[in-house]
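Quick note on our numbering: the sequence shown kicks off at 9 and runs consecutively.
The C-beta atom is built at its ideal place from N, Cα and C for all residues, glycine as well.
Quick caveat: nothing in here was measured; it's all calculated off a predicted structure.
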Amino acid sequence: MDMNNWIAVILAVIVLIIICFLVFDGYIRPGSKITKADLARLYGIEIKTFNKWISHYTDIPVEEWKKMRKIDWATYCKIEAVLGVPVLEPSYTKQALRDELKASYYTFTECCKKGADKLGIAYESIKKMDVFPPRVAGALIDHMAV
């Protein structure tokens, strides 16, 4: 590669980095607000699933959550602390978790029943989920891999 091609590649990378900062700036900057739908999209899930996550895994009251239209920075930080960082950690479906752990449906269910209390998660919350938040999925993987 000659010098002109290297310069073009470096400029393209710089432009991509700037675009990433502009796109995610509204989600990360203190003082900004984000809609529930935008936050659900960041996690790569539907708003219905995101609402389930909020009701089962966070301490935000359901009635208060229903009234919120936009999420402020403090609430976003609380959500991210419990659910995980959407752009850095993956969400998992039950099937993906079973595949990751190489476990049968029965083994996965039994491990969830036994481990739910240790993880501080109600088994009913695990049972009702089809997609798990990044932190919950990580905790289940860590617990079951032992």
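Where residue i falls, given that 16 or more other Cβ within 10 Å makes a residue buried
{"i": "Ser99", "result": "buried"}
{"i": "Glu88", "result": "buried"}
{"i": "Gly34", "result": "With a pLDDT of 45 at Gly34, under the threshold of 50, the modelled position of that residue is not reliable, and the figure given next carries that caveat. Exposed is the call here."}
{"i": "Leu30", "result": "Low per-residue confidence applies at Leu30: pLDDT is 48, beneath 50, and the placement is therefore not dependable, though the value from the model is reported in the following sentence. It counts as exposed."}
{"i": "Cys28", "result": "Reliability fails at Cys28, whose pLDDT of 49 lies under 50, so the model's placement of it is uncertain and no value is given."}
{"i": "Pro141", "result": "buried"}
{"i": "Glu18", "result": "Correcting the residue identity first, residue 18 is Ile in this sequence and not Glu. With fewer than 16 Cβ atoms within 10 Å of its Cβ, Ile18 is classed as exposed."}
{"i": "Trp14", "result": "exposed"}
{"i": "Ile62", "result": "buried"}
{"i": "Gly39", "result": "exposed"}
Reference residue i; option with closest CA among the options
{"i": "His64", "options": "Ala124, Asp107, Val93, Lys78", "result": "Ala124"}
{"i": "Ile129", "options": "Tyr114, Gly146, Thr115", "result": "Gly146"}
{"i": "Ile42", "options": "Lys78, Lys136, Arg106, Pro141", "result": "Lys78"}
{"i": "Lys126", "options": "Asn59, Val144, Asp46", "result": "Val144"}
{"i": "Val90", "options": "Thr66, Val17, Lys121", "result": "Thr66"}
{"i": "Arg49", "options": "Val95, Thr117, Ile149, Met152", "result": "Val95"}
{"i": "Ala45", "options": "Glu71, Met76, Gly39", "result": "Met76"}
{"i": "Glu118", "options": "Glu97, His151, Val93, Gly52", "result": "His151"}
{"i": "Glu97", "options": "Ala153, Tyr51, Ile22", "result": "Tyr51"}
{"i": "Leu47", "options": "Ile22, Glu72, Gly92, Val70", "result": "Gly92"}
Residue i at chain B interface by Cβ criterion, 8 Å
{"i": "Thr57", "result": "Of the protein chains in the structure, only one exists, and it is not chain B."}
Nearest-angstrom Cβ-Cβ length linking residue i and residue j, presumed shorter than 8 Å
{"i": "Lys121", "j": "Tyr131", "result": "6 Å"}
{"i": "Glu108", "j": "Ile149", "result": "6 Å"}
**Request:** For the stretch 75-88 and the stretch 100-113, state whether three or more C-beta atom pairs, one from each stretch, are separated by less than 8 Å.
**Result:** no
**Request:** Spell out a yes or no on whether the stretch 133-144 and the stretch 50-62 are touching, meaning 3 or more CB-CB pairs, one atom from each, closer than 8 Å.
**Result:** yes
**Contained alpha helix (DSSP H) runs [length at least 4] in the stretch 91-149, N- to C-terminal order** = 102-109, 113-127, 131-136
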